[in-house]
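Colleague: Residues -17 to -1, 1 to 236, numbered by mature numbering (1 follows the signal peptide of the UniProt record, and there is no 0), are exactly what the sequence shown covers, in order. Glycine included, every Cβ here is placed at the ideal spot set by N, Cα and C.
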Amino acid sequence: MLPYAVLAALLPALVIAQDGSVSGPTSSSSAAGYSCDASKCKLPNCNCASPSPPGGLQPSEVPQFVVFTADDAIQSYTIDSVNQFLAHRKNPNGCVPRMTYYTSINYTNMSMVTDWFVAGNEIADHTMTHVGTPPDDEVDGNLIALNALAGIPLSSIIGFRAPFLNYSVDTLKHLYAAKFTYDSSASAAIPVTENGTDAYWPYTLDNGMANDCLQVDGICKGEPKLPGFWEVPMYAFFDSRGQNGVHLMDPWL
């Protein structure tokens, strides 16, 4: 079962979290060196990185989906902030929107994690103590704590986002080995209206990464090859200067 971030029919998303901003592009076509044969890489287990909708659909044929996420500790004030966006809104089918919460352990109210999960929201991994480029035990310890202290089934914790969006090729390899379904740490920092955009729909790493190629060593140009493992990029907000201005993957609440 794919997460909310992928389940939204692989549609480009508005992502709301808490850490970081960048100035200038984080990737380029030449740095990416990305190649993917769409005739061989097919859903549901493989998808090429592309700014176009999957299945050959035209954008006008595809409804808009918004993926709503938040990071860090779950406390009453963070849930109140999230509900400022969600509580008074309804999906077209009349249901209340659900979201993904990338949860770190420090300062988290575990009973609220349980309540948020039972209400139908996704709980995902954001390390134990909110460290960038995390060692494996920060990722694994978060899984253990969310399961033991909040009762979240291990089989339901399938997504990860790195604090500060700082990760390495080893982070991705560990997530794959630990049977996570997806990562959502990569930046998409070139507007979809510009040549060389990296605003890709969620894609699998069968053919390596296509984002953050100017930022993270050891990725892109076909690496790392992690078949069936999904990357859900963080799509930036831009001001009037486009990619040359400061743009946020994580607007502050």
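From the DSSP output, in three-state form, read off Asp166 for me.
Modeller: Here Asp166 sits in strand by DSSP.
Colleague: Check whether the Cβ atoms of Ser87 and Asp55 lie closer than 7 Å to each other.
Modeller: For Ser87 and Asp55, yes; Cβs fall inside 7 Å.
Colleague: Quick check on Ile202: does DSSP put it in helix, strand or coil?
Modeller: Coil at Ile202, not helix or strand.
Colleague: Based on the DSSP output, what are the partners of Trp99 in its beta bridges?
Modeller: The partner list for Trp99 (beta bridge, DSSP) is empty, contrary to what the question assumes.
Colleague: State the start and end residues of the unbroken beta strand (DSSP E) segment that holds Phe212.
Modeller: Element bounds for Phe212: Leu209 to Glu214.
Colleague: To which residues of the same chain is Pro210 closer than 6 Å at the C-beta, ignoring the five residues directly before and after it?
Modeller: Within the same chain, Pro210 has close Cβ partners Asp189.
Colleague: Here's a check: name, in chain order, each residue in its chain whose Cβ is nearer than 7 Å to the Cβ of Ile57, leaving out the five neighbours to either side.
Modeller: Tyr84, Thr86, Thr91, Asn92, Met95, Val96 and Trp99.
Colleague: What's the gap between the Cα of Asn130 and the Cα of Asp123?
Modeller: C-alpha separation (whole angstroms): 11 Å.
Colleague: Identify the continuous beta strand (DSSP E) that holds Tyr60 and give its terminal residues.
Modeller: Segment Ser59 to Leu69 is the alpha helix (DSSP H) holding Tyr60; no beta strand (DSSP E) there.
Colleague: If you reduce the DSSP assignment to three classes, tell me which class residue 264 lands in.
Modeller: Because residue 264 is not part of the residues shown, which for the chain are -17 to 236, the question remains open.
Colleague: Could you name the residues of the same chain whose beta carbon sits closer than 6 Å to that of Ala128, not counting the 5 residues immediately before and after it, in chain order?
Modeller: The residues are Ile88.
Colleague: Mind checking whether Thr110 and Ile141 have CB atoms under 7 Å apart?
Modeller: Cβ atoms of Thr110 and Ile141: not closer than 7 Å.
Colleague: Look up Glu121 in the DSSP assignment and say whether it is helix, strand or coil.
Modeller: Of the three classes helix, strand and coil, the one that applies to Glu121 here is helix, per DSSP.
Colleague: Quick check on DSSP: helix, strand or coil for Phe220?
Modeller: Correct three-state label for Phe220: strand.
Colleague: Which one of Asp119, Asn74, Lys162 and Arg81 has the shortest CA to CA distance from Gly103?
Modeller: Of the listed residues, the one whose Cα sits closest to Gly103 is Arg81.
Colleague: If you reduce the DSSP assignment to three classes, tell me which class Thr83 lands in.
Modeller: Correct three-state label for Thr83: strand.
Colleague: With H, G and I counted as helix, E and B as strand and the rest as coil, what does DSSP make of Tyr159?
Modeller: Tyr159: helix per DSSP, three-state reduction.
Colleague: I need the straight-line Cα distance from Leu197 to Ala182, nearest angstrom please.
Modeller: Roughly 15 Å separates the two Cα atoms.
Colleague: Look at the alpha carbon of Val152 and the alpha carbon of Thr187, and state the distance between them as a whole number of angstroms.
Modeller: Taking the straight line joining both Cα atoms gives about 15 Å.
Colleague: Sorted by chain position, which residues of the same chain lie with C-beta nearer than 7 Å to Ala21's C-beta, five sequence neighbours on each side aside?
Modeller: Closer than 7 Å at Cβ, skipping near neighbours: Cys31.
Colleague: Keeping to the same chain, check which residues put their C-beta closer than 8 Å to that of Pro216; ignore five residues upstream and five downstream.
Modeller: Excluding sequence neighbours, Pro216 sits near Ser167, Ala169, Ser170, Ala171, Asp181, Ala182, Tyr183, Pro185 and Asn194.
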